[in-house]
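Residue numbers (the numbering used here): 9 to 534.
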C-alpha cells in the first residue's frame with residue numbers, strides 16, 4: 009500500500025501540518041489507499057533517516073518520490089484538505105506568470121472602463137488577490153482551476169464592456185439625432201418667420217414636446233432607443249413639413265394678393281360676365297378663412313392648407329388668364345360663339361349653386377387656360393399677350409429661383425405658343441440666358457456650365473457608339489471617330505474655374521459636334 013511520509017520539527021508550521029494530517033488519515037486511506045507515517049525529527053538519528061529520504065528541510069511531506077518542503081509542504085496539506093488526491097499533488101508544476109498577467113490586465117481594463125469588479129463579479133477581488141500572491145510555479149490542476157475562474161471574470165468583464173460600448177453608441181446616436189431634431193425645428197421656425205402669414209406655434213410646440221432629450225434618459229438604454237426612434241420620425245416629419253411649406257410659397261404669395269384685394273375687380277368682372285356671384289363669393293370666402301393668416305396646429309392642417317391654396321393658385325392663374333379676355337373687350341356672347349358648346353356648359357356650371365364652389369372655380373380656371381388663344385382675334389390676343397409679358401417674366405424668374413436650369417416646356421403657366429417669345433424677350437433684356445441646347449438659366453454659373461458640359465459629353469458618347477456600330481457593319485468612319493475623340497479630350501480638359509471662358513469653349517465644341525452629327529446623318533441617309 010502506498011504511503012505518505014510526514015517529517016516534522018517542533019515549529020508552528022509543523023504543528024499545523026501534524027494536526028491536518030491526523031485529520032486526513034482516515035480519508036486518505038479510505039478514498040485513495042494511502043497510509044500515513046509521521047516522523048518527528050528530534051535527534052541525529054531521525055535526521056539521518058530524513059536525509060536518506062531526500063528531506064533536508066522541515067517540515068516536509070514525501071509522496072512516492074516527490075518531496076514537498078517548508079511552505080510547499082504546508083501548501084500540499086492545504087490542497088489535500090481542499091479535496092485534492094495525493095496523486096494530483098504529484099502532477100507537474102507550471103509557471104503562474106500567465107495567470108498573474110491576466111489578473112493585472114483584468115484590473116487595468118476594469119479601471120480604464122470605470123467598472124467596479126465587485127459590482128459585476130463579487131468573487132473577483134479574492135481570486136485576483138490570491139493569484140497575485142501565487143508562487144512562481146503552481147500545480148497544473150491549480151492552474152487550470154484558476155484559469156477557469158479568470159475566464160469567468162473575463163467573460164463577465166467582456167459582457168459588461170460590450171454593454172457599456174453599446175450604451176455609448178446608443179447614447180451618441182440618440183444625442184446626434186436629437187440635435188438634428190432641434191436644428192430642424194430651428195430651421196423650420198426661421199422659414200415660418202419669413203413667411204409671416206403662417207402661424208404654427210402649436211405645431212412647433214407639438215414637435216418639441218414629442219422629442220425625448222437623451223440627457224433625461226441617463227443610462228436607461230430603453231429610453232435612449234425610444235428617443236432614437238422618436239427623433240428619426242420627427243426628422244422625417246420636419247423634413248416633410250419644410251417641403252410642404254416650400255411648395256406653398258407661390259400659393260401663399262397669391263393668398264397675400266387676394267387678401268390685399270388685387271383680385272376683387274377681376275372677380276366682379278367675371279361675375280358680371282357669367283351673371284353670377286360665384287367669383288366674388290369665392291374671393292370673399294378666402295378672405296374670411298384666411299383673414300388672420302393660416303394656423304397650423306398639426307399635420308392635418310398642413311394637408312388642408314395645401315389643398316385649399318392649390319385651388320386658390322389654380323384659380324388665380326385662371327383669373328390672370330381672364331385678364332386678357334377682359335382687356336380684349338370680348339363679351340360673353342362672343343366667347344360662346346368662339347368656343348361653342350364647351351363655353352355654354354361652363355356657364356351652366358358656374359351658375360349652378362348646387363355644385364361645390366371650389367369645383368366651379370376649378371372648372372373656370374381649366375377652361376380659361378385651355379382656350380386662351382381662341383378667346384380673341386390674333387391681333388387682340390397679341391396686344392394683350394404683350395401686356396402679360398411682365399407677369400410671365402416674373403413667373404419665369406420665380407421658377408429659375410428654385411431651379412438653376414429649366415426647359416421651356418416646364419413653364420406650364422405660360423401658353424405654349426408664347427413661351428419662346430417670353431424667353432427671347434428676357435434674354436434680350438439680360439434677364440436670362442438660353443443655352444445652345446435650348447435650356448434656360450437665370451445667369452451663367454459654374455453649375456450651369458457643368459450641366460451644359462455633361463449634356464455635350466453625353467452627345468459625344470452617343471455619337472461614338474453609333475460610329476462604332478457602323479464600323480462593325482463595315483462602314484469606315486475613322487476620320488469622324490478621331491474628330492469626336494479630339495472633341496472629347498478638349499471637353500474633358502475644359503477648365504470650369506472661369507465660367508465665361510469655359511462657356512465659350514463649350515459653345516465651340518458644341519458647334520463642331522453638330523457639324524459631325526450632321527455629316528453622320530448625311531452618311532447614314534446615303
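The beta carbon of each residue, even a glycine, is placed where N, CA and C say it ideally should be.
Which partner residues of residue 103 appear in the DSSP bridge assignment?
-> Residue 103 is bridged by DSSP to 145.
Rank 311, 276 and 293 by C-alpha distance to the C-alpha of residue 327 and give the top, closest one.
-> Of the candidates 311, 276 and 293, the one whose C-alpha sits nearest the C-alpha of residue 327 is 276.
Buried or exposed: residue 150, going by 16 or more other Cβ atoms within 10 Å of its Cβ?
-> A residue is called buried when at least 16 other Cβ atoms come within 10 angstroms of its Cβ; residue 150 meets this threshold and is buried.
Cβ contact check for the segment 513-525 and the segment 455-474: 3 or more pairs under 8 angstroms | Judged by Cβ distances under 8 angstroms, the segment 513-525 makes contact with the segment 455-474, as three or more pairs qualify.
Option nearest residue 231 by Cα separation, candidates 241, 220 and 240 | Nearest C-alpha to residue 231: 220.
Does the segment 196-205 come close enough to the segment 154-167 that 3 or more CB-CB pairs lie under 8 angstroms?
-> No: the two stretches stay apart, fewer than three of their Cβ pairs being nearer than 8 angstroms.
Would you decide whether residue 386 is buried or exposed? Buried here means 16 or more other CB atoms lie within 10 Å of its CB.
-> With a pLDDT of only 37 at residue 386, under 50, the local geometry of the prediction cannot be trusted, and the value read off the model is given with reservation. Classification of residue 386: exposed, given that the 10 Å Cβ count is below 16.
Limits of the unbroken alpha helix (DSSP H) element including residue 40 | Run containing residue 40: 20-40, per the alpha helix (DSSP H) assignment.
May I ask you to verify whether the segment 22-35 touches the segment 84-99, counting CB pairs closer than 8 angstroms and requiring at least 3?
-> Taking 8 angstroms as the limit for Cβ pairs, the verdict is that the segment 84-99 does touch the segment 22-35.
Can you tell which of 224, 75 and 474 has its C-alpha closest to the C-alpha of residue 61?
-> Each of 224, 75 and 474 was checked against the Cα of residue 61, and the nearest Cα belongs to 75.
Would you call the segment 41-60 and the segment 107-121 touching, i.e. three or more CB-CB distances under 8 angstroms?
-> These segments do not touch.
Through-space distance from residue 456 to residue 516, alpha-carbon basis | When rounded, the distance between both Cα atoms is 16 angstroms.
Would a C-beta distance cut-off of 8 angstroms place residue 321 and residue 258 closer than the cut-off?
-> It is a contact, given that the beta carbons lie within the stated cut-off.
For residue 49, does the three-state DSSP call read helix, strand or coil?
-> DSSP places residue 49 outside both helix and strand once states are collapsed to three, so it counts as coil.
Mind pulling the alpha helix (DSSP H) runs of 4 or more residues that sit fully within the segment 472-518?
-> List check, alpha helix (DSSP H) in window: 486-500.
List the endpoints of the continuous beta strand (DSSP E) containing residue 16.
-> Counting along the chain, the beta strand (DSSP E) containing residue 16 begins and ends at 11-16.
Can residue 193 and residue 246 be called in contact, C-beta distance under 8 angstroms?
-> A contact, by the Cβ cut-off of 8 angstroms.
Supposed contact pair residue 359 and residue 461 - C-beta distance, whole angstroms, cut 8 angstroms | That pair is no contact at about 57 angstroms.
Report, in whole angstroms, the separation of the C-beta atoms of residue 97 and residue 16, which I expect to be a contact under 8 angstroms.
-> Going by Cβ atoms, the distance from residue 97 to residue 16 rounds to 18 angstroms, so no, they are not a contact pair.
Measure the Cβ-Cβ separation of residue 147 and residue 116 and say whether it is below 8 angstroms.
-> No.
Residues that DSSP places opposite residue 76 in a beta bridge = Looking at the DSSP assignment, residue 76 forms a beta bridge with 69.
Would residue 290 pass as a contact of residue 365 if the rule is Cβ separation under 8 angstroms?
-> Contact: yes.
Check whether the segment 174-192 touches the segment 224-238, counting contact only when three or more Cβ pairs, one atom from each stretch, lie closer than 8 angstroms.
-> As far as the Cβ criterion goes, the segment 174-192 touches the segment 224-238, which means the pair count is three or higher.
Between the Cα of residue 301 and the Cα atoms of 315, 267 and 280, which residue gives the shortest distance?
-> Cα-wise, what sits closest to residue 301 is 267.
Among all the DSSP beta bridges, which residues are the ones paired with residue 442?
-> Its beta-bridge partners are 448.
Take residue 507 and list the residues in its own chain whose beta-carbon comes closer than 7 angstroms to its own, dropping the five residues that flank it on each side.
-> Excluding sequence neighbours, residue 507 sits near 452, 453, 454 and 457.
Nearest to residue 137 by alpha carbon, out of 127, 114 and 120?
-> Distance from the Cα of residue 137 is smallest, within the candidate group 127, 114 and 120, for 114.
With 16 other CB atoms within 10 Å as the buried threshold, where does residue 132 fall?
-> A buried status is given to residue 132, since no fewer than 16 other beta-carbon atoms sit within 10 Å of its beta-carbon.
Starting from residue 43, follow its DSSP beta bridges and name the residues at the other end.
-> Its beta-bridge partners are 11.
What number of angstroms, rounded off, separates the C-alpha of residue 438 from the C-alpha of residue 444?
-> Answer to the nearest angstrom: the Cα atoms are 16 angstroms apart.
Thinking residue 172 and residue 236 are a contact (beta carbons under 8 angstroms), I'd like their distance in whole angstroms, please.
-> For residue 172 against residue 236, the beta-carbon gap comes to about 18 angstroms, at or over 8 angstroms, which does not count as contact.
Quick one: grab the DSSP three-state call for residue 284.
-> Coil, per DSSP.
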